[in-house]
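Everything on this sheet refers to the single structure shown next.
Chains as they are written, first to last, in my numbering: chain A, 1 to 265; chain B, 266 to 588.
Here it is, written out as structure tokens:
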């Protein structure tokens, strides 16, 4: 489309150009994180504060969700296995499902909903109320203080939350299995660990690091780039959750492919 | 304590518990997969490992004692499997133990089973190679099964022909199945058989009764069977009997000689018994003797009253009367 000066106003179209510009902005935003994270001053206190908010305050919700997931998944898997008379395989099945996929995924999705939206809304409101500009004026690096600390907190807290979720979900599964199949806790966990491998645990942790990074980064980006006005805060929060969840599923799919490469070896 | 410190402690505690869960999980997993135990390496060479993978379990007497460490090609097309075997169980695995590939349950993971081995062989050592025994090949099993299927088809075809003939009344079985008179005869035979079996049952009962009686203590039959002291007596009796029979034979022989002699007339008794003329002559003699004795009696009576014999008779009569 040509402009009045004869130059094309858009390379493709307004929408496509906006999309690519957004991608470039996002890339620059992420790149800036890696530039800032290793450079002092470090905002330890803010990182700890965010860890508390993201990790400790999310624990009850994540635990409850994990516990319910453990029970429900066990209950739903039982009929299929009992058709083959293989209910004794429930602990193995549940362990694989929870450690490999459900634990990280459920934790990440819950965190995306609770933490991602919170981060997005918080930074967006700071943007709207020009607090970020004020920070810049007062010689405080708002990116380092707001973004780096939050992204670090989500990156390190999500794997820890995943550990809790795995444990609580397995306990939930144990309660269900114990009530129905009268399996002792030692037998249950022996069967759990007979099917789980180191690759499962480490891939789950590494995957969670990426999930955490994604949640933090998307939340911060959406908040940081929100448009002015109160509507922008809501949009930022909403977009943070939607995009985080979408990216989490994409990452889950990619990680599955990559881990399978190691598994086949 | 200010709010900031409190948060820091809670975050630290939260992270610590998370790490403890992770470490416990890793330790448990490592313990179960024998990652942190001392192990020795032994190998076995298989023609086909059927999908065995590094990390699969090694079993000995139903106990997990290690894992598959490495799988390498060996020679032309064989596969060498390197195994980690726990050091503490090495003393139970002998150098002549065998290794085979099995599966954990019906559709479970592949495992290596070590079995056999005798105490006259020393325990395995680092780098030893165990004798590999090829497991039952599923393809071969299917081949055999296929052969069985073909045989089954042949058998059912034969059976079909056979049942067709039976239904048509051909052959003995067909006749039995279709001919009503044969059926009646068959029933009669069966009833006879039943009767015979009843009789034989009764006979067996009698026999049992009889044998019970034989077994009763104190009876002759029981003594004969059970009392060992009776045998020498019986033998002595039989010996006596044998001697008696011999004597009787001698006696009968002598009797026979005597009777032979009695039957012949060349001796006095034989003559007496066999010769009618002699009998007549004897009869005549006896008659003469009878007549002579009569006359003698008469003469004696006359003598009683004749002197000098009459005195003697009187003295005899007196002496008899005095008694």
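Even glycine gets a Cβ: it sits at the ideal position worked out from N, Cα and C.
In chain order, 272, 275, 276 make up the part of chain B whose C-beta sits under 7 angstroms from the C-beta of residue 52 of chain A.
Beta-carbon to beta-carbon, residue 397 of chain B and residue 433 of chain B are separated by about 58 angstroms, too far to satisfy the 8 angstroms threshold. Each of B:386, B:452, B:531, B:344 was checked against the Cα of residue 356 of chain B, and the nearest Cα belongs to B:386.
Counting C-beta pairs with one atom in each stretch, the stretch 272-287 of chain B and the stretch 151-160 of chain A have three or more that are closer than 8 angstroms, which means they touch.
When the five nearest sequence neighbours on each side are left out, the beta carbons in the same chain lying within less than 6 angstroms of the beta carbon of residue 195 of chain A are those of 92, 95, 96, in order along the chain. Setting aside the 5 residues that flank it on each side, residue 110 of chain A is surrounded in the same chain by 58, 61, 62, 65, each with a C-beta closer than 8 angstroms to its C-beta; the list follows chain order. Listed by position along chain B, the residues whose Cβ is nearer than 8 angstroms to that of residue 164 of chain A are 282, 283, 286. Around residue 269 of chain B, the beta-carbon contacts reaching into chain A at under 9 angstroms are 45, 48, 49. Restricted to the stretch 111-175 of chain A, the alpha helix (DSSP H) segments that are unbroken, complete and at least 4 residues in length are 117-128, 131-137, listed in chain order. Distance from the CA of residue 438 of chain B to the CA of residue 423 of chain B, rounded to the nearest whole angstrom, comes to 15 angstroms.
For the stretch 189-217 of chain A, the beta-carbon criterion of a distance under 8 angstroms to any beta-carbon of chain B is satisfied by 189, 190, 193, 194, 196, 197, 198, 201, 205. The residue from A:183, A:212, A:53 with its alpha-carbon nearest to that of residue 155 of chain A is A:212. Cβ contact annotation for residue 122 of chain A (same chain, cutoff 7 angstroms, sequence separation greater than five): 223, in chain order. Rounded to the nearest whole angstrom, the C-alpha separation of residue 421 of chain B and residue 315 of chain B is 36 angstroms. In the structure shown, residue 572 of chain B adopts coil according to DSSP, grouped into three states. Under DSSP, residue 349 of chain B forms a beta bridge with B:306, B:332. Sixteen is the threshold: since fewer than 16 other Cβ atoms of the shown chains lie within 10 Å of the Cβ of residue 24 of chain A, the residue is exposed. Of all C-beta pairs linking the stretch 27-38 of chain A to the stretch 131-139 of chain A, fewer than three are shorter than 8 angstroms, placing the two stretches out of contact. Closest in C-alpha terms to residue 71 of chain A, from the list A:146, A:168, A:259, comes A:168.
According to the DSSP assignment, residue 446 of chain B belongs to the alpha helix (DSSP H) that extends over 445-480.
By the rule that beta-carbons nearer than 8 angstroms mark a contact, residue 172 of chain A does not touch chain B. Between residue 337 of chain B and the set B:354, B:492, B:323, B:318, the nearest pair of CA atoms involves B:318.
What residue 115 of chain A touches in chain B, judged by beta-carbon distance under 7 angstroms, is nothing: the nearest beta carbon there is about 14 angstroms away. Under the Cβ criterion (8 angstroms, minimum of three pairs), the stretch 324-335 of chain B counts as touching the stretch 374-390 of chain B. For residue 146 of chain A and residue 21 of chain A, the gap between their C-alpha atoms comes out near 23 angstroms.
Residue range 394-398 is occupied by the beta strand (DSSP E) that includes residue 395 of chain B.
In the structure shown, residue 87 of chain A falls within a helical segment according to DSSP collapsed to helix, strand and coil. Between residue 357 of chain B and chain A, the shortest Cβ-Cβ separation is not below 8 angstroms. In the three-state reduction of the DSSP assignment, residue 344 of chain B falls in the strand class, which pools E and B. Look at residue 194 of chain A here: in three-state DSSP terms it is helix.
A residue is called buried when at least 16 other Cβ atoms come within 10 angstroms of its Cβ; residue 104 of chain A meets this threshold and is buried. The three-state reading of DSSP puts residue 364 of chain B in strand, counting E and B together. Annotated three-state conformation of residue 532 of chain B is coil, per DSSP. Distances from the CA of residue 198 of chain A to each of B:292, B:328, B:549 were compared; the closest alpha carbon is that of B:292. Per the coordinates, the alpha-carbon of residue 75 of chain A lies some 59 angstroms from the alpha-carbon of residue 430 of chain B.
Assignment of residue 377 of chain B by DSSP, reduced to helix, strand and coil, places it in the strand class.
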